[in-house]
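Read the structure below first, then the notes.
In our numbering, the protein residues as written are 477 to 1105.
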């Protein structure tokens, strides 16, 4: 009761002087105060356990859980005026109110409005009529006048009664709404707008009039499909085809065995059987084709075939002409038969020439090969100035032969071998088990060119019964010579052009392509003839000191390439490190590059990166060290 105002100021009486009549507290003061307290108490709630009777009016109040026992408000009823709302949620997201016309449960937040319960039932205000029901782990049911009309189940949705759609209102089926059922105000449609088929699956198909008393179409599984006219069957499919009851009239062309007939009657059969059969029970009956003058041009009657009849009905006295599109293809006269178009002879039949079938042209189906067979030991001659063998499209050569000229062999229309006045020219790779080149005299056996430029050659020579061969290009080559007259077999630098010796002209390996191991029975012989040397001098003192220092540069090591191949099993080797040798010379003010025992090679690799490799001539290094000692 924080808003209670005390009627009598008792504390003020204490400050009055003794004897002052104002210090007297009257019984009426207490009565007034107690009456005011009773009135206020009747208007205030007991926070511990409030109990209200009658109508409670709260002008303005904020109720928190701190003011609510156990965090809840319990009331027999809560009456709110129109448009007065119960708001729930931190953001007042849920509102419950009556707007003077309708009762509203409104979710004004961003979440869902959820009705939760094992079973949820929507009924009328009297609770006597169900409008909708929802069952946990069960279905949902919609009602009309307390009767179930739409219900979900394990199979989908069941409807009790009709599904009424307005004109152009569609039933859409499929993920892409491919199947549509609708009425557009004039017609009813079953429309499939997807990519698949529209299938009617039934044990018996019947299409009838609305009165259900007249057939239009009837279909039976494993049986016929029937088409009707005025309830009378007119076409019936059978196991072998179809039957027509009545006349068959075609306003355009009729095709049998062909989808696009080219004539009023077009019959096609891809089998080897009879294409068509016209049968009569009368032996004198037949078939007659007549022209516009009623003259028979083709006549079958009484077992006789007559072609090209004249006006008296007999075989024509003139030539018999076979034409296609007015163009004569075959002419038979009493003198000569002339074929005026390409002619085909069936597989395995053959086209023969000569009284004794001396030559036969045949296509053999068993091998799928076309043959020209020359019989009776006859010669087969091709006479002409040139012959060309091509593919069937005549756009790719296989063999071309020209009188007094070349014979050319092709692969995929590209010339690969051409005979010439001096031999033959091959374009591309030649593969053979053994290539034998037999030349009448010593000289170049084979020459290799790239773009017309000589890249290499092979020269052979035989002297005194001893053969040798030289491989290379120009004056640079290696000769392989057999042993002869006490001289050992050897490999030496020789000219490919003329077979002359080329002393001191070829290296074994290069700066970027070293040999690994060189195996030899005897050692390497180095030229040491004084006649081949100049500037012969004693070692200088600086050179001698370097030679002595080089003795201490001997190290053991493993090659990287050996470690990559053999791992820890790679063996140790002995020698000097070229960089250490270079430093030893620099220590005496000398340049190792001035001495032949030190090699520095530079080249550019396939990636365009410049590479450098240092090397040592050990024969010179050992001589250098010995000279220093």
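Just so it is clear, CB atoms sit at the ideal spot from N, CA and C, and this is done for glycine as well. Values in this document were obtained by computation on a predicted structure and should not be read as measured data.
Own chain residues within Cβ distance below 7 Å of residue i, not counting five before or after
i, result
"residue 1076", "1069, 1088 and 1090"
"residue 833", "851"
"residue 735", "none"
"residue 648", "656"
"residue 605", "599 and 622"
"residue 866", "872, 873 and 874"
"residue 438", "Summary: the structure shown does not reach residue 438, with the chain confined to residues 477 through 1105, and so no result is reported for it."
"residue 493", "none"
Nearest residue (CA-CA) to residue i, options the options
i, options, result
"residue 697", "705, 715 and 623", "715"
"residue 560", "574, 1073 and 570", "574"
"residue 514", "487, 482, 907 and 494", "482"
"residue 1103", "966, 587, 1041 and 1027", "1027"
"residue 1030", "923, 589, 1097 and 739", "1097"
"residue 868", "846, 643, 976 and 660", "846"
"residue 996", "1014, 951 and 966", "966"
"residue 732", "490, 489 and 743", "743"
"residue 989", "1078, 952, 1001 and 973", "1078"
"residue 738", "999, 801, 687 and 633", "801"
"residue 1004", "1099, 1063 and 1085", "1099"
"residue 708", "690, 643 and 1016", "690"
"residue 612", "1086, 597 and 685", "597"
"residue 1092", "694, 723, 1045 and 1072", "1072"
"residue 905", "893, 916 and 650", "893"
"residue 953", "1051, 650, 978 and 1024", "978"
"residue 556", "572, 565 and 566", "572"
"residue 1108", "577, 928, 583 and 629", "Within the shown structure, residues of the chain are numbered from 477 to 1105, placing residue 1108 beyond reach of any answer."
Cβ neighbours of residue i in the same chain (closer than 8 Å, five flanking residues each side left out)
i, result
"residue 1006", "1012"
"residue 419", "This structure gives no information on residue 419, because the portion of the chain shown stretches from 477 to 1105."
CB contact flag (residue i, residue j, <9 Å)
i, j, result
"residue 658", "residue 675", "no"
"residue 858", "residue 876", "no"
"residue 920", "residue 942", "no"
"residue 1057", "residue 1074", "yes"
"residue 703", "residue 692", "yes"
"residue 872", "residue 889", "yes"
"residue 569", "residue 593", "no"
"residue 957", "residue 944", "yes"
"residue 830", "residue 838", "no"
"residue 499", "residue 485", "no"
"residue 1062", "residue 1018", "no"
"residue 969", "residue 982", "yes"
"residue 643", "residue 631", "no"
"residue 972", "residue 948", "yes"
"residue 627", "residue 617", "yes"
"residue 710", "residue 728", "no"
"residue 1105", "residue 1024", "yes"
"residue 591", "residue 583", "no"
According to DSSP, residues forming a beta bridge with residue i
i, result
"residue 799", "804"
"residue 666", "657"
"residue 969", "954"
"residue 731", "742"
"residue 829", "835"
"residue 866", "873"
"residue 887", "890"
"residue 923", "933"
"residue 693", "683 and 703"
"residue 901", "894"
"residue 456", "Outside the modelled stretch of the chain, which goes from 477 to 1105, sits residue 456, for which no answer is possible."
"residue 719", "712"
"residue 845", "840"
Own chain partners of residue i with C-beta closer than 6 Å, once the 5 adjacent residues on each side are dropped
i, result
"residue 790", "The pLDDT assigned to residue 790 is 49, lower than 50, so where the model puts this residue is not dependable; a value taken from the coordinates is nonetheless given after this. There are no such residues."
"residue 841", "823 and 824"
"residue 936", "921 and 945"
"residue 798", "805 and 806"
"residue 487", "none"
"residue 1086", "1080"
"residue 681", "695"
"residue 1039", "1046"
"residue 610", "596 and 616"
"residue 819", "none"
Closer than 9 Å to chain B by CB, residue i
i, result
"residue 646", "In summary, chain B is missing from the structure at hand, where a single protein chain is found."
Which ranges does the beta strand (DSSP E) cover as unbroken runs of at least 3 residues, wholly within the segment 1014 to 1100, from first to last along the chain?
-> Counting only runs of 3 or more, we get 1031 to 1033, 1049 to 1051, 1074 to 1080 and 1086 to 1092.
Enumerate, from N- to C-terminal direction, the unbroken beta strand (DSSP E) stretches of 3 or more residues contained entirely within the segment 598 to 663.
-> Secondary structure remark: continuous beta strand (DSSP E) runs of at least 3 residues inside the segment 598 to 663, in chain order: 606 to 611, 616 to 620, 623 to 629, 632 to 635, 647 to 649 and 655 to 659.
Any beta strand (DSSP E) of 3 or more consecutive residues that is wholly inside the segment 554 to 584 = Complete beta strand (DSSP E) runs here, min 3: 562 to 564, 570 to 574 and 579 to 583.
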